[in-house]
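First residue of the sequence shown? That's 4 in this note's numbering, and the numbers climb one at a time after it.
Where a beta carbon is used, it is the ideal one built from N, C-alpha and C, also for glycine.
Heads up: the structure comes next, in structure tokens.
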Amino acid sequence: MSLMKLQGALLRGTGSLRLVVRSHSSARVKEEARRRWVYEKAELFEVLEARVKQLQANNACEVVAPEALKSGSSQTTVWKEAASIRKEPAPKHEDGTTSRPSRWMEKLSKEQSMKHTRLLRLEAQLLAAGKGKTQKEGRAAGWEESPPNSPQKRRASSPANFQCKTKAKKGTQPNLNSRAPKEGLPEVSEGLRERVQISEDAAEKLPQEAEEGSRHGNVQLSILAYLDCCLFLGQTERAHKCLRFYHRSHTRRKLLDIQMYNRLLHGYAKKGALNQVGQLFQYLEEAGLQPNRESYAAALECMGRADVSPQVISRCLQHLKEGGIQLEDLCSTSQPEGDKVQMALKAIRMVKPDFQLPPRAHQEERCTVPLSQDFYRKEKRVSYPKLEYTAEDLRKRFREQLQMEASHTVTIESVEVDKPLTKQAIKARQLLAVLRSRWQTALLDSFQASRFRLRLAASGRLNLYPFLCVLKDKEYVDILMQSVSSLPPQGESLLILARGLGTNVYNKYVIQKKSQSRVMEKIQKIYESYVQLLAKDTPIGFIRPHPILSRLFSVAAETTLTFDSFVIPMLCPPVPWVSPAFGAYLLSPTKLMRCVDGAVQHQLLLERCPRGNLFTVMDALNQLGNCPWKINQAILEVVISIFNDKGNEKLAIPPPPSEAPQPSKFTPSGAPLTKSALKREMAQCRKKAMEMFSLRTDTLYKLSIAKHLGERAFWFPHNMDFRGRTYPCPPHFNHLGSDLTRAILLFAEGKPLGPRGLDWLKIHLVNLTGLKKKDSLTGRLAYANGIMGDILDSADYPLTGRKWWMTVDEPWQALACCMEIAKATRAPDPAAYVSQFPVHQDGSCNGLQHYAALGRDVIGATSVNLMPCDTPQDVYSAVAQQVEVFRKRDAEQGEKIAQVLEGFIGRKVVKQTVMTVVYGVTRYGGRLQIEKRLKDIEGFPQEFVWEASHYLVQLVFSSLKEMFSGTREIQSWLTETARFIAKTGRTVEWVTPLGLPIIQPYHRSKRKMVNSSMQSVNLKSCHDSSQKPDTVKQKNAFPPNFIHSLDSAHMMLTALHCHRQGLTFVSVHDCYWTHALTVDIMNQVCREQFVELHSQPILQNLSTFLLQKYCAHWPTQPRGKKTLEYYQLVQLLSKVPKTGNFDLQKVKESTYFFS
């Protein structure tokens, strides 16, 4: 079911699924018209030639019909015999009327008799005109002549093969491969060659590589979704009308593929409608599509339900054998639903009584990634990490989670429930109840009337009718009502609202579909086995609510919040990821790789990738999701008390919207504001109010979910983005959140502190303060011991004491750590104190660490703590010092802005720019970052902010270039590589060291105009793969995305090896969490896996992969711009940046690599 179609429909408010693309360029329109004329002319030639061949075949069949019956060469003969043996009544429509032969079939019969003579004359003309040209092109392309009646000749004459010849002729790949510069390409290992082949195979399935372009991609998804919905509802005839509508037009027929025909085949097979199944096989023959295993499986299922003669079944099995399909594999093509397999076996056994399905051979799948093969060796295999829960406890949690997801929504009490209820609030709630009842009735009537009008449309075109039938009417109304209640007073983007409505309908549809199938039984069986492993006792547009409605909601102050079930953390361990389509939640649909709307390349690459290449990635996600959590009730109580007391912006607790500033009509001197100044003042106040409402709502959701979870343990299922970076699936409340959210979370499983655990808690507290960053660990520990009075005071009297914790960088996490230190120090034996508090170890500018390791850059490695040092090296301070050197030089030469900046250049001014330059920040973005920092500095003259930020960003980039020469060289190499690849019209792809295929989804923007009764919305998509790659985004994003894929690989390796040693491990990208007891072990594993990762020839492997993927074929033109760019790309990829002399093993000895 297409989620995007639902969203688009909700925007339009009409029944059509067609989108109108608006073009504003007359030249472009003329060019497209010219291309369309040429295309239509070639298409007409193709159609006429195919028509001639069809008539020739018809005449031949009339002459040799007895021979054909003996040999069984025609697939439709089977269905003609079956229809003569078993006469079925004419199928009926949903309204009870009997279907008649379609008009286009009658027209086709008349056309064959009326135009037979004229087409025969046309045949002679076409053959005479095309014979010489075809022979010339055939010899030029290296084709061999075949006898006129040979099978090759007949196949080449078919429309499908004619298209294949045309495609081969355009690409001319077969001839030009021999001319490729083989000596310029390095030798490729079998594993890397396999990855390249997988990537190329998947690319062939990508919309932008498909024949006729990918402008059909969204339409194909819509057709498939429409058919799925119709068949789910049992509206088979409606699905057949849709398929027939596209099939009867030669142009529209190109949108159909074998999958769509198979869907309808299974729908009719379920009803035992043999005539319709036969007609669909005839459609396949007309479309030039070869039936596959799914097609024959549906045919045999239908024959099993319908009492047909064994002769018909034998003929079907004969065709199956001629198609090269093994009978033993027939019933294993798809997931068996109901009695599909039994019916197919029943038909087979009418001919072969002794036939039995072979037992499924369990073939052990092994990890094929070289970097992880040692981890999965049998001789090193250990028991699966256990959780501190019994099997019965996990089963109980599973049932609770299943019930929560089946209900789709969860209603919880807000943290504002304890506020006193006023008379106005009581009246407002009563009025809301009356209004909601009226709205529900009006929405229900309008919904049913609109759906009835759509039902009358019987043309076969796509419309919304089946999508509006998959749920109960009340469920649609409830979804609409829920969206109205969640609208902010300032309004919401219509696109966001439509996306939310479509997502809710789609998720409910998927859950309903799973509940009605056997999926639930399978999930229960799988999870029961999983419990045995885990248990400890076993092994653009805009829409705004009316101000009166917003005021009514505000006064009513309702105390319940309704969330989708997948928004709430899971109450049981997540389902382990075993494939790109199965894992995480029990019922709610979840993708292994999250992506933006419109990007489908990632899922196609994952589906084509062998599972052995994904074992490391999926196991890492499973281990991250298996960590149980609980709520820190002490911190939650303090936060809620401040939240309900008008908040505190300094502590990141936003005040309520009632505290928003109001526009002033007068200047500070008392003079009235001008009209333009008043508009600016009102705009600023409006913006501030919107920000306050958004932040307040976000905090309300977090705190309410935390309060709802209470003392229960819960889990965060994980997935990843297209670069491989991992994220928890619940969006509102997770450990990737703000300082406040992280402070509320504790590990559900505790471990004793041990001999060094208390020291690590104190060091962690100092890290959270943002102080002593240049001090050694010993110095930080001494500082913590020196402020124990403030630490204990903060723990005992957080709101009434000296409030030392409020003055640090991360106040809420610092307060939680103060409370944990207080409990540990007051315990009889601190080493035996069981702590659930997570301790963090953060990478030292992790992006630069990976660059320094790639380039073996000694200076860069020392600056980012890859080299052992007595005290931590602060790269931000080093850059600030270098910038200060440049500034002094310029000030001495009389440059004014350098003189103005004297005394204002510090670590905080340059930190954000240094941190993000490795991730692709431009000079413009860096200037904005520095400008923001300068504005926050007290005493800096604000009139020089723009000039100073422009000056400083130049110095920062110059300093980085001088300090990290190896890093800049690698970054430039990656950027230029992506630029040349994007100019060839292809997107940048690579494979991570863990075997994860990655493709950048950056394409030129595409706009679609969607008209509705309310307004017209201009939809813009930058990820539509039908468009050409966006060269600027491709080249700017490749370096940071490549580094992100490396830091993700490092984290995943660390996660797997930590769990192998029994550690609790979670991460926030390059910040690793574990118990205080196991920090030392985690640090050792972290360093070992970093060395293991960068011991691989990463850049060399990348170069080889890109050469094989993008440079394996010679350009079609011997000279020209494309050929020059091809040579430049080959030359660039062949020159991998040189490496320095840094000894990577030194990382294992570096104390401050992660600290």
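Ranked by how close their Cα comes to the Cα of Gln1103, the residues Gln839, Leu277 and Pro996 have Pro996 in first place. For Thr371, there is no enclosing beta strand (DSSP E), since its DSSP letter is neither H nor E. In this structure, Tyr249 lies near Leu258, with their beta-carbon atoms less than 9 angstroms apart. Leu374 is positioned such that its CB atom lies closer than 9 angstroms to that of Glu1095. With a cutoff of 9 angstroms on beta-carbon distance, Glu813 and Asp742 are scored as near each other.
Pairing Leu330 with Leu303, the inter-Cα distance amounts to about 11 angstroms.
Comparing C-alpha distances from Lys1138 to each of Leu977, Lys528 and Thr563 shows the shortest one belongs to Leu977.
A distance of 9 angstroms or more separates the beta carbons of Gln839 and Cys1089.
Of the residues assessed, Met1012 falls on the exposed side of the cut-off, its CB having fewer than 16 other CB atoms within 10 angstroms. Here the alpha carbon of Val641 sits roughly 19 angstroms from the alpha carbon of Arg715.
Between the beta-carbon of Lys1023 and that of Ser1008 there is about 5 angstroms, and that keeps the pair under the 8 angstroms contact cut. A contact is defined here as three or more CB-CB pairs under 8 angstroms, and the segment 562 to 578 meets this definition with respect to the segment 715 to 734. Secondary structure at Ser252: coil, using DSSP grouped into helix, strand and coil.
Sorting Asp796, Arg759 and Gly804 by C-alpha distance to the C-alpha of Leu784 places Arg759 at the top. Between Ile973 and Pro1140, the CB-CB gap stays under 9 angstroms. Bounds of the beta strand (DSSP E) holding Thr729 are Thr729 to Pro731. Looking from the CA of His322, the closest CA among Asp342, Ser312, Phe284 and Lys343 belongs to Phe284. Our two residues, Thr506 and Lys938, have alpha carbons roughly 42 angstroms apart in a direct line. A check of alpha carbon separations from Val522 across Pro592, Leu574, Arg454 and Pro576 identifies Pro592 as the nearest. Taking C-beta atoms as the reference points, Leu595 and Pro583 count as a pair closer than 9 angstroms. Look at Tyr299 here: in three-state DSSP terms it is helix. Taking 9 angstroms as the cut-off, the beta carbon of Leu963 is found no closer than this to the beta carbon of Val912.
Checking the DSSP bridge columns, you'll see Gln844 partnered with Tyr1075.
In terms of Cβ geometry, Lys399 and Ala538 do not form a close pair [threshold 9 angstroms]. Taking C-beta atoms as the reference points, Val959 and Val903 fail to come closer than 9 angstroms. With fewer than 16 other Cβ atoms from the protein chains shown falling within 10 Å of its own Cβ, Gly942 counts as exposed.
Boundaries for Trp1117: no beta strand (DSSP E) harbours it, and the DSSP string shows neither H nor E there. Straight-line measurement puts the Cα of Lys765 at about 22 angstroms from the Cα of Leu639. Note on the segment 613 to 674: whole beta strand (DSSP E) runs with a minimum of 3 residues are 631 to 634, in chain order. Per DSSP, the beta bridge partners of Arg1010 are Lys1023. Excluding sequence positions up to five before and after Thr744, its CB lies within less than 8 angstroms of the CB of Lys705, Phe736, Asn737 and His738, all in the same chain and listed in chain order.
Within the same chain, Cβ atoms closer than 8 angstroms to the Cβ of Gln1131 are found at Phe983, the five residues on either side in sequence being excluded.
Look at Ser410 here: in three-state DSSP terms it is helix. In the DSSP assignment, Lys891 is bridged to no other residue.
The C-alpha of Gly586 is placed about 22 angstroms away from the C-alpha of His1060. In terms of Cα proximity to Thr803, the closest of Ile645, Ala825 and Leu397 is Ile645.
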